[in-house]
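So the structure is just underneath, and the comments pick up after that.
In the UniProt record's numbering, the protein residues as written are 1 to 213.
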């Protein structure tokens with residue numbers, strides 16, 4: 001039975017994701033995807049030629065619907081996913097046909113791997129974590145839930161990211177480091193030490209500006 005892929009979020013990342021789904025015939029075949037549509041709280045009718053079925057709050061999933069959430073900010077993504085999961089939505093990982101996933105690596109529900117992503121062996125990626133174009137994850141790394149990795153990031157082997165971490169463009173995290181929950185790694189940061197508390201990093205080597213309470 002064919003499936004409809006529902007993309008939550010019709011903003012910039014959502015429009016990119018629809019294009020990547022269209023260029024991933026293997027993903028569509030393996031998941032029986034025959035059509036794609038948006039749900040979005042502000043868009044109406046169509047976005048980029050793709051039908052908008054309504055808002056997140058109003059939409060009622062059917063048994064033939066599969067979901068991905070294309071909202072970049074972890075906090076907003078968490079809220080939308082919880083609303084949809086409470087309605088019984090089924091989230092699937094999206095792996096672009098040009099992405100590579102190594103042996104014994106595990107992807108949680110709703111994970112998104114964009115074009116040219118490399119996931120090495122024995123990696124664990126938690127639910128609803130996004131890896132944008134050209135990012136790489138080293139062997140035995142563990143990424144928590146609802147993380148966002150922007151384009152061209154590198155996470156070294158045996159590193160651990162918590163939950164709700166936002167990783168800016170072209171960030172490097174050295175091997176065997178731990179990154180706490182809710183940390184922002186600013187664009188271009190070269191992280192040489194573990195980040196153990198909330199805040200934002202900048203620079204090379206990265207320095208942490210703690211979050212004000």
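Glycine is no exception: its CB is placed at the ideal position from the N, C-alpha and C atoms.
Predicted model only: the values in this text are computed from it and were never measured.
For this session: Would you decide whether residue 93 is buried or exposed? Buried here means 16 or more other CB atoms lie within 10 Å of its CB.
Result: The residue given as residue 93 occupies position 93 in the chain shown. Sixteen is the threshold: when 16 or more other Cβ atoms of the shown chains lie within 10 Å of the Cβ of residue 93, as they do, the residue is buried.
Problem set entry | Ranges of the alpha helix (DSSP H) found wholly within the UniProt domain "PglD N-terminal" (4 to 82), counting only runs of at least 4 | When DSSP assignments are scanned along the UniProt domain "PglD N-terminal" (4 to 82), the uninterrupted stretches of alpha helix (DSSP H) that are 4 or more residues long and fall wholly within it turn out to be 12 to 22, 25 to 30.
Exercise. The ligand NAD heavy atoms versus the CB of residue 26: any closer than 7 Å?
Worked result: In the structure on display, the ligand NAD does not appear, and there are no ligands present to speak of.
Problem set entry | Whole-angstrom C-beta distance between residue 152 and residue 175, which should lie under 8 Å | Here residue 175 refers to the residue found at position 175 when the chain shown is read from its first residue. Here residue 152 refers to the residue found at position 152 when the chain shown is read from its first residue. About 18 Å separates the two Cβ atoms, so there is no contact after all.
For this session: Kindly indicate which three-state DSSP category residue 229 falls into: helix, strand or coil?
Result: No answer is possible for residue 229: it lies beyond the span of the chain, which begins at 1 and ends at 213.
Exercise. Residue 100: which of 88, 110, 117 sits nearest, CA to CA?
Worked result: Taking the first residue of the chain shown as position 1, residue 100 is located at position 100. Residue 100 has its Cα closest to that of 117, out of 88, 110, 117.
Exercise. For residue 214, which of 163, 186, 119 has the nearest alpha-carbon?
Worked result: Any property of residue 214 remains undetermined from this structure, which presents the chain solely from 1 to 213.
For this session: Evaluate residue 209 with the Cβ neighbour count: other Cβ atoms within 10 Å of its Cβ, from every protein chain shown; 16 or more gives buried, anything less gives exposed.
Result: Reading the chain shown from its first residue, position 209 is the one you call residue 209. Residue 209 should be labelled exposed.
For this session: Could you please give the first and the last residue of the uninterrupted beta strand (DSSP E) stretch that includes residue 207?
Result: Here residue 207 refers to the residue found at position 207 of the chain shown. Counting along the chain, the beta strand (DSSP E) containing residue 207 begins and ends at 207 to 210.
For this session: Apply the 10 Å Cβ neighbour rule to residue 189 and answer buried if 16 or more other Cβ atoms are within range, or exposed otherwise.
Result: Here the question's residue 189 lines up with position 189 in the chain shown. Buried, by the Cβ-count rule.
Exercise. Is the CB-CB distance between residue 69 and residue 80 below 8 Å?
Worked result: As a first step, residue 69 is located in the chain shown; it is residue number 69 there, counting from the start. As a first step, residue 80 is located in the chain shown; it is residue number 80 there, counting from the start. Yes, Cβ-Cβ distance for residue 69 and residue 80 is below 8 Å.
Exercise. Using the rule of at least 16 other Cβ atoms within 10 Å of the residue's Cβ for burial, across every protein chain shown, is residue 102 buried or exposed?
Worked result: If you number the chain shown from 1, residue 102 lands on position 102. Flag for residue 102 reads exposed.
Exercise. Are residue 139 and residue 123 closer than 8 Å when you measure CB to CB?
Worked result: Taking the first residue of the chain shown as position 1, residue 139 is located at position 139. Taking the first residue of the chain shown as position 1, residue 123 is located at position 123. It is a contact, given that the beta carbons lie within the stated cut-off.
For this session: Figure out for me which residue from 96, 181, 168, 167 has the closest Cα to the Cα of residue 16.
Result: By 1-based counting over the chain shown, the position of residue 16 is 16. Checking every option, the nearest Cα to that of residue 16 belongs to 96.
For this session: Drop a sphere of 10 angstroms on the beta-carbon of residue 150, count the other beta-carbons inside from all chains shown, and report buried for 16 or more, exposed for fewer.
Result: For this step, residue 150 is matched to residue 150 along the chain shown. So residue 150 ends up on the buried side.
Problem set entry | Cβ-based neighbour list, residue 204, same chain, cut-off 6 Å, excluding 5 preceding and 5 following | Counting from one through the chain shown, the residue named residue 204 turns up at place 204. Hits under 6 Å: 190.
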